[in-house]
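Chemist: Below is one structure. I have some questions about it.
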Amino acid sequence: MRFWLAALPRRFFCARTFTAALAVALLLATLKGQADVAPKRVLMLHSFGLRFKPWTDYAEGIRSEISRKSKTPVDYHDHSLLNARLGADNSDDPFVDYLDAVYAKIAPDLIIAFGAPAASFVQQNRERLFPGKPMLFTAIEGRRVQRDKLTENDTVVATHNDFAAAFESLLHVLPDTKTIVIVNGVSPNEKFWEGELRRELAQFSNRVELKWFTDLRSKLF
274 MRFWLAALPR RFFCARTFTA ALAVALLLAT LKGQADVAPK RVLMLHSFGL RFKPWTDYAE
334 GIRSEISRKS KTPVDYHDHS LLNARLGADN SDDPFVDYLD AVYAKIAPDL IIAFGAPAAS
394 FVQQNRERLF PGKPMLFTAI EGRRVQRDKL TENDTVVATH NDFAAAFESL LHVLPDTKTI
454 VIVNGVSPNE KFWEGELRRE LAQFSNRVEL KWFTDLRSKL F
């Protein structure tokens, strides 16, 4: 198991892409099996669909870097999690069964999970989803990785969000700020981050008022 943590802000998108692509290139280079001319099958599992930025831009950057660096042809297979996009807590069984059926005869050589929902899905179903196959978790914050479920075949390229530093910078630039509004949703991923934000931002309670707006759908429709 490899765990690479990059404490990088969003503007270092290219650096994160390069790091993840390098990890994939190393994983593909270690794969054994078919002749070098046979393409390697890479299953790219997306958290929120194939049109949601910045995840799609990040995935495309990795795809381009892999193709440029790989010494063998690479066949990409893209799939997305509908439950994560809808914020639903439905069973993952139908999607797991679907992947099992698609790859019943020829399993992918590598699985890449983009984002926390995809990583959680893979880790919850690790024994059913191509056990023993190498997996890469990326476009994910380190706190969302279930480290106790990582295997020796897993590689993580994660980031770290320093919320306290971000708010400290904001108040330094705008010292007269009295109120900060935080808008959040109700998906499992968003609920997790609301808890982290409330915990880390408690230190600012005597300096600024924090107003939380959650699940605005109930107020708009």
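Numbering (the working numbering), first residue to last: 274 to 494. Every residue, glycine too, gets a C-beta built ideally from N, C-alpha and C.
Can you check which of these residues, 394, 373, 350, 342, is closest to residue 461 by C-alpha distance?
Modeler: For the purposes of this step, residue 461 is identified with residue 188 of the sequence shown, where counting begins at 1. Checking every option, the nearest Cα to that of residue 461 belongs to 394.
Chemist: Would you call the region 415-422 in contact with the region 450-458, where contact means no fewer than 3 C-beta pairs closer than 8 Å?
Modeler: Contact fails: fewer than three Cβ-Cβ distances are below 8 Å.
Chemist: What residues in its chain sit with their C-beta under 8 Å from that of residue 365, if we drop five residues either side in the sequence?
Modeler: For the purposes of this step, residue 365 is identified with residue 92 of the sequence shown, where counting begins at 1. Contacts found: 356, 394, 397, 398.
Chemist: So for residue 482, helix, strand or coil by DSSP?
Modeler: The sequence position of residue 482 within the sequence shown is 209, counting from 1. Reduced to three states, the DSSP call for residue 482 is strand.
Chemist: Taking the alpha-carbon of residue 533 as reference, which of 475, 463, 430 has the nearest alpha-carbon?
Modeler: In the structure displayed, the chain extends from 274 to 494; residue 533 sits before or after that span and is not available.
Chemist: Judging by CA-CA distance, which residue of 322, 441, 404 is the nearest neighbour of residue 351?
Modeler: For the purposes of this step, residue 351 is identified with residue 78 of the sequence shown, where counting begins at 1. With distances taken between Cα atoms, residue 351 lies closest to 322.
Chemist: May I have the straight-line CA-CA distance separating residue 385 from residue 426, to the nearest angstrom?
Modeler: Here residue 385 corresponds to residue number 112 of the sequence shown, with the count starting at 1. Here residue 426 corresponds to residue number 153 of the sequence shown, with the count starting at 1. Between residue 385 and residue 426, the C-alpha separation is close to 12 Å.
Chemist: Pick out whichever of 373, 477, 345 has its Cα sitting closest to the Cα of residue 439.
Modeler: If you number the sequence shown from 1, residue 439 lands on position 166. Comparing Cα positions, the closest option is 477.
Chemist: Secondary structure at residue 451, three-state DSSP: helix, strand or coil?
Modeler: For the purposes of this step, residue 451 is taken as the residue at position 178 of the sequence shown. The answer is coil: DSSP assigns residue 451 none of H, G, I, E or B.
Chemist: Given residue 479, which residues of its chain have a CB within under 7 Å of its CB, disregarding the five upstream and five downstream residues?
Modeler: Mapped onto the sequence shown, residue 479 falls at position 206. Nothing meets the Cβ criterion.
Chemist: Residue range of the beta strand (DSSP E) that residue 414 falls in?
Modeler: Numbered from its first residue, the sequence shown carries residue 414 at position 141. 408-414 is the extent of the beta strand (DSSP E) around residue 414.
Chemist: Which residue's Cα is closest to the Cα of residue 370: 407, 312, 402?
Modeler: In the sequence shown, counting from the first residue as 1, residue 370 sits at position 97. Nearest of 407, 312, 402 to residue 370, Cα basis: 402.
Chemist: Going by Cα to Cα distance, which pick from 424, 411, 448, 423 is closest to residue 433?
Modeler: If you number the sequence shown from 1, residue 433 lands on position 160. Considering only alpha carbons, the answer is 411.
Chemist: If I measure Cβ to Cβ from residue 482 and keep anything under 8 Å in the same chain, skipping five residues before and after, which residues do I get?
Modeler: Working through the sequence shown from its first residue, we reach residue 482 at position 209. So the list reads 451, 452, 453, once near-sequence residues are dropped.
Chemist: What does residue 385 pair with, by DSSP beta-bridge criteria?
Modeler: Counted from its first residue, the sequence shown places residue 385 at position 112. Note: residue 385 sits in a beta bridge opposite 317, 409.
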